[in-house]
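Residue numbers (this note's numbering): 151 to 220. Everything on this sheet refers to the single structure shown next.
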């Protein structure tokens, strides 16, 4: 089933994504969310982690290890 987005649908999607971006806060989390969302909205046949990662849009950022020292 194919869904063609009109201008109103694009605007609603943009508002939804912007709202989630606001909640995520940190730029790295927002970037990861945006990349993975692009993968989910792509033309890929399968929308699981492996095909999206192969597309190269969903990159997990490696956070530095936290020190136990205060």
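All C-beta atoms, glycine included, are put in the ideal place defined by N, C-alpha and C. The structure presented is a predicted model; accordingly, all values stated were derived computationally and were not measured.
Straight across, the Cα-Cα distance linking residue 160 with residue 171 is about 16 Å. Here residue 169 is exposed, its C-beta having fewer than 16 other C-beta atoms within 10 Å. Here the alpha carbons of residue 201 and residue 162 stand approximately 27 Å from one another. In this structure, residue 183 keeps its C-beta atom at 8 Å or more from the C-beta atom of residue 191. Counting the other CB atoms within 10 Å of its CB gives residue 206 a total below 16, which places it among the exposed residues.
Within the model, the alpha-carbon separation for residue 179 versus residue 187 is close to 12 Å. Within its own chain, no residue has a Cβ closer than 8 Å to the Cβ of residue 152 once the five positions on either side in sequence are excluded.
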